[in-house]
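Trainee:
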Amino acid sequence: MQKETLLKEPVNLIITGVGGQGNILVSEIVAQTGCRQEWNVVVGESYGLSQRGGAVSSHVRLFQHQEYGPIIPIGEADVILGFEPLEAARQVVDYGHKNTCLIINSHPVYPIGVLRGKNKYPSLDLLFKKLREMVAEVLIIPATKLASQLGETVVQNVVMVGALAGSGCLPFRADTFIEVIKKVVPPKVRTLNEKAFYLGLEEAQKIKSLKSL
Amino acid sequence: MGWQDIVREEPGKQVLLNGNEAMARGALEAGVHFVSAYPGSPSSEVTGVLAQVSKNFNFYVEWSVNEIVALEGAAGASFAGLRALCTMKADGLNVAYDFLTSMNLGGCRGGLVLVVADDPFGHSSLKEYDSRFLAAAAWVPVLEPSTVQEARDMVKWAFALSEQIKGPVIVRSVTRISHSRGIVTLKAMKQMAQEADFKPTQQFHTFARFHQEVRERLKQVEELFAVSPFNFSFGPEKADLTVFTCGTGWLYTKEALFSLQLEDQIKIVRPGTPFPLPKQFILGHLSGTKKVVFIEETRPFLEEKVLALYALHSENLSQIKFYGKATGHVAGLRGPECGEMNTDIVREVLARLTGRPYHASAAPLTKEEKKSLQALLPPRDYVLCPGCPHRASFWVVKSALALEGNNGMVIGDIGCYSMGAMETGFNLFNTLHCMGASAGIANGLSKLQSYGFKQPVVAMVGDSTFYHAVIPALINGRWNKANYLCIVLDNGVTAMTGHQPHPGSGKNAVGEEAEVISIEEVAKSLGFMVKVSDPFRYTEAIHDVLKLIRMPGLKILILRQPCALVANREQKRRKVVVRQELCRGDACGCMRFCTRVWGCPANVWDKKHEVAAIDPAICVGCGVCIELCPAGAIVWEGND
Ligand code: SF4
Ligand code: SF4
């Protein structure tokens, strides 16, 4: 396989969501894809108690020369892949910079404080508007909705992997992703996951082409 | 996928592993024979993945009932000449410590390696801990890896080291090693076949006279460490400023130097063997430097050791100024003298000391931008899963104590149900400490009646915790006529750490059928009054709690329902819906009970219609909210 050069070193990606949304599977897919394209990869993950409905995030770093640690420094995430709007925005506060590319699943998962009426979940329009003012690129993907079209909302995470591929934010190739997905998901849900991937990929490409009109 | 990669034969192949998988691979490359552990984040996957692959090989793996039993078993294997691995989280080292300090005196035979995973910041622990201090107090050598690959290397070498010195060795991991993934180049795996032999003439004893022998052993270790490739330096040979770093600090420091363009001005010294300190190596790097910065997780261990060494040798060394956690110049995420480290912290310290500011390559967001975004974001607290039986059990206890009306106390314990100390668990727990503490504390409280303490006391323990640490406290309570209700939350697995089986699960670590050690049989055999209830049939369960707390003596109530995550995997969900015409929203006298009070994440609020709804994507169909809704608006689908 031809080795591609990274435009920047390291490339820093944050995958974030709420415990139970399949964060770890996605960080595995992204990291393995990076490896297949012959970059060095390091991933830092938070799991344990946070899997119980808390905010979870994985830091994925790609590099070719110098070795890096598993945590992305403040303000240095190049891409943030968010499975939940609030958690994506939270990562922007800490890790975003002006050129960060944000890819967000528009489906909110309400924190308990919001469900209990103690806190307010921001209006999505307002939230997305704010994010657009702050960073270079914001792609809003209705991943949960797309996944439910396949009859399984759980694959919203793989829809988001597709969106990452379609966004062109990272030098990953779609076929490399597919090879890895085939390897990491159980055989009986392979087709489902491939479909989910392409739904996300097409959605991201569609948004991108509308924007460039 | 890591489990497939850790069994690959192909030496030289590069695979992506997390730190725990890499340490498991290290054990396989060393030809481990015996593995035992009690699960605990962030250590669980070392033994978890070895259990998964043990069929491919021929070694023994068990989930043990607790850490001291695990270590004793591993020592047995070592005494018989086999290689044994025992893994635990930092808190587990406390549990195993009595045996560790004893066994270390008499020593062992086959390589005996402890992987102890600390959790700086307490990502999934109630406290952050630095096991190196305990290891040093026990006089057990410590290796501390900086990368995933090195974690494999160190575990592998630790077996050989242990055999050479005839004593146990600790490999100290931290969350950012155990739960990080990195590329590991595989090496060959050792052949496993070896006979266990423990000759009648062999003896392994603990006697105070052996302390001197352990001291000699540590001297031998220090000599081995003096030539170990795990101790190295990086950067210029001579530098005015030197960073001494252990573990994860190595990569953080490298990144910080690189981004400040200081690599040719600052030297990094990285001892991978913090205890016993490789003194000559350290002294060599102290000589000629003017400033020393210490970067390490969690507490200033290396720092204190180096400072003591400097004090002893200061007449031969020039004046050095030290900067670290102990001196107050470096603070972790939890503040001075503790806390997790990261690149930002290291960079800030080095920028401050060298006067070279850091300029990020990408344009940063402004403070105002961040602030105005932050202001929109409500916090996200931990929650019990949708349909979690613990939520129902907490509701039962809360309701029963409210009905009893005598300020009942709830004494909590460790597991998913530690969330009984949080909002999702109705802030029910009055105390929360460590495995098994609840029953012990309840014993004490219930003996205070003559001092005027008359409140009812309820201890809540998990099933895995019951086997791990509660039984002695219950025996103590019965013996000393304690007077409280101990509730065992039995969901069939060790849920918090990844659903490992326990003695009541009917399965062992490798998935074989196993004897079920029934909690009620154990309790009955000790003479307790025992009742089993279903927390989902909460009216009856409340009644049971009330009845039992009014009875004298120490009683046991088992609230049994499988963990929702497990049940959801195994059973077909029944669909639950809200008959929105019956839910009167805010006008209803229930004050939006399902969302405001009960708080299952699947009970959501339909803002448009101002009524309750169920999120079908996450509802597991436990049906509890159906019974709880005072308006009868929540129903099984088909009953609407
Ligand atoms: S039935 Fe009710 S309590 Fe049970 S999971 Fe569904 S919404 Fe939650
Ligand atoms: S994993 Fe099981 S025990 Fe833990 S919160 Fe979820 S349902 Fe409850």
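Protein chains in written order, with our numbering: chain A, 8 to 220; chain B, 598 to 1237.
All C-beta atoms in this analysis are idealised placements derived from N, C-alpha and C, irrespective of residue type, glycine included.
Nothing here was measured: the structure is a model prediction, and the numbers come from that model.
For B:CYS843, tell me which candidate among B:ALA989, B:HIS1030, B:THR744 has the shortest Cα-Cα distance.
Mentor: Comparing Cα positions, the closest option is B:THR744.
Trainee: Would you tell me roughly how many angstroms separate the C-alpha atoms of A:MET8 and A:ILE79, rounded to the nearest one?
Mentor: In this predicted model, A:MET8 has a pLDDT of only 44, less than 50, meaning its place in the structure is not dependable enough to derive any value.
Trainee: Against chain A, with Cβ distances strictly below 7 angstroms, would B:ASP602 count as a contact?
Mentor: Taking Cβ atoms only, chain A never reaches closer than 7 angstroms to B:ASP602, which makes this a no.
Trainee: When you measure from the CB of B:GLY1103 to every non-hydrogen atom of ligand 1, does any distance come out below 6 angstroms?
Mentor: Result no, Cβ not under 6 angstroms from ligand 1.
Trainee: What is the rounded straight-line gap between the Cα of B:SER638 and the Cα of B:LEU614?
Mentor: Computed Cα separation, rounded: 17 angstroms.
Trainee: Go ahead and pull the three-state DSSP assignment for B:ASP1203.
Mentor: Strand at B:ASP1203.
Trainee: Any idea what DSSP makes of A:GLY169, helix, strand or coil?
Mentor: Helix at A:GLY169.
Trainee: My output table needs one value for B:SER721: the three-state DSSP class, helix, strand or coil.
Mentor: Correct three-state label for B:SER721: coil.
Trainee: Under three-state DSSP, which class holds B:LEU859?
Mentor: In this structure, B:LEU859 counts as coil in the three-state DSSP scheme.
Trainee: Cβ closer than 8 angstroms: which chain B residues qualify as neighbours of A:ILE22?
Mentor: Under the 8 angstroms cutoff, chain B gives no residues; its nearest Cβ is about 12 angstroms from A:ILE22.
Trainee: Measuring only from the beta carbon, is B:PRO1227 closer than 6 angstroms to any heavy atom that is part of ligand 4?
Mentor: Ligands displayed in this structure: ligand 1 and ligand 2; ligand 4 is not among them.
Trainee: Is it the case that the CB of B:GLY1089 approaches a heavy atom of ligand 1 more closely than 6 angstroms?
Mentor: Outside the cutoff, so no.
Trainee: If the cut-off is 7 angstroms on Cβ atoms, which residues from the region 946 to 967 of chain B count as contacting chain A, listed in chain order?
Mentor: Within the region 946 to 967 of chain B, the qualifying residues are ALA957, ALA959, ALA960, PRO961, LEU962, GLU966, LYS967.
Trainee: Short check: CB of A:ILE21 to CB of A:ALA84, under 7 angstroms?
Mentor: Against a cut-off of 7 angstroms, the Cβ pair of A:ALA84 and A:ILE21 comes out as a contact.
Trainee: Mind reading off the beta-carbon distance from A:VAL48 to A:GLY41? Whole number of angstroms is fine, and I expect it under 8 angstroms.
Mentor: Right, their Cβ atoms sit about 4 angstroms apart.
Trainee: Quick one: which residues of the region 968 to 1001 of chain B get their C-beta closer than 8 angstroms to a C-beta of chain A? List them in chain order.
Mentor: Of all residues in the region 968 to 1001 of chain B, SER969, LEU970, GLN971, LEU973, LEU974, PRO975, PRO976, ARG977, ASP978, TYR979, VAL980, LEU981, CYS982 have a Cβ within less than 8 angstroms of some Cβ in chain A.
Trainee: Determine, for B:ASP941, whether the minimum Cβ-Cβ distance to residues of chain A falls below 7 angstroms.
Mentor: It does; some Cβ of chain A falls within 7 angstroms.
Trainee: Could you check the C-alpha separation between A:LEU109 and A:LEU171 for me, to the nearest Å?
Mentor: Cα to Cα, the separation comes out at about 9 angstroms.
Trainee: For A:LEU88 and A:GLN98, I'd like the C-alpha separation in whole angstroms.
Mentor: Computed Cα separation, rounded: 10 angstroms.
Trainee: Find out if the Cβ-Cβ distance for the pair B:SER1035, B:VAL1058 is shorter than 7 angstroms.
Mentor: Against a cut-off of 7 angstroms, the Cβ pair of B:VAL1058 and B:SER1035 comes out as a contact.
Trainee: Using a beta-carbon distance below 7 angstroms, is B:SER777 in contact with chain A?
Mentor: Yes, contact with chain A.
Trainee: Beta carbon of B:PHE801, beta carbon of B:GLY703: below 7 angstroms?
Mentor: Cβ atoms of B:PHE801 and B:GLY703: closer than 7 angstroms.
Trainee: Distance, Cα to Cα, B:ALA959 vs B:ARG953?
Mentor: Going by the C-alpha atoms only, they are around 18 angstroms apart.
Trainee: Compare the C-beta of A:GLN9 against all C-beta atoms of chain B and say whether one is closer than 7 angstroms.
Mentor: Below a pLDDT of 50, predicted positions are generally treated as unreliable, and A:GLN9, at 46, falls in that range; no measurement from the model is reported.
Trainee: When you compare each of B:ASN1077, B:VAL994, B:ALA714, B:CYS1197 to B:LEU1143 by their alpha carbons, which one comes out closest?
Mentor: If we check each option's Cα against that of B:LEU1143, B:VAL994 comes out closest.
Trainee: Do the CB positions of A:ALA143 and A:ASN106 come within less than 7 angstroms of each other?
Mentor: It is a contact, given that the beta carbons lie within the stated cut-off.
Trainee: With DSSP collapsed to three states, give me the class of A:MET8.
Mentor: Below a pLDDT of 50, predicted positions are generally treated as unreliable, and A:MET8, at 44, falls in that range; the measurement from the model is reported next regardless. Residue state, collapsed to three classes: coil.
Trainee: Kindly say whether A:ARG68, judged by its beta-carbon, lies nearer than 7 angstroms to any beta-carbon of chain B.
Mentor: Chain B contact via Cβ: absent.
Trainee: Quick one: list the residues of chain B neighbouring A:GLN73, beta-carbon separation under 9 angstroms, in chain order.
Mentor: The answer, in chain order, is LYS851, GLU852, PHE855.
Trainee: From which residue to which residue does the alpha helix (DSSP H) around B:MET1248 run?
Mentor: Since the first residue of chain B shown is 598 and the last is 1237, residue 1248 of chain B is not available in this structure.
Trainee: Leaving out the 5 sequence neighbours to the left and right, which residues in its chain are closer than 7 angstroms to A:SER57 when beta-carbon positions are compared?
Mentor: So the qualifying residues of the chain are GLY26, VAL63.
Trainee: Beta carbon of B:THR782, beta carbon of B:GLN611: below 7 angstroms?
Mentor: Their beta carbons are under 7 angstroms apart, which means B:THR782 touches B:GLN611 by this criterion.
Trainee: Less than 7 angstroms between CB atoms is the rule here; does B:GLY1282 satisfy it with respect to chain A?
Mentor: The question about residue 1282 of chain B has no answer here: the residues shown for chain B are numbered 598 through 1237.
Trainee: Check for me: the beta strand (DSSP E) holding A:GLN212 runs from which residue to which?
Mentor: Note, A:GLN212: premise wrong, no beta strand (DSSP E); alpha helix (DSSP H) at 197 to 219.
Trainee: Chain B partners of A:ASN126, CB-CB under 8 angstroms?
Mentor: Here the neighbours are PRO975, PRO976.
Trainee: Going by other Cβ atoms of all chains shown within 10 Å of its Cβ, with 16 needed for buried, is B:THR886 buried or exposed?
Mentor: Buried.
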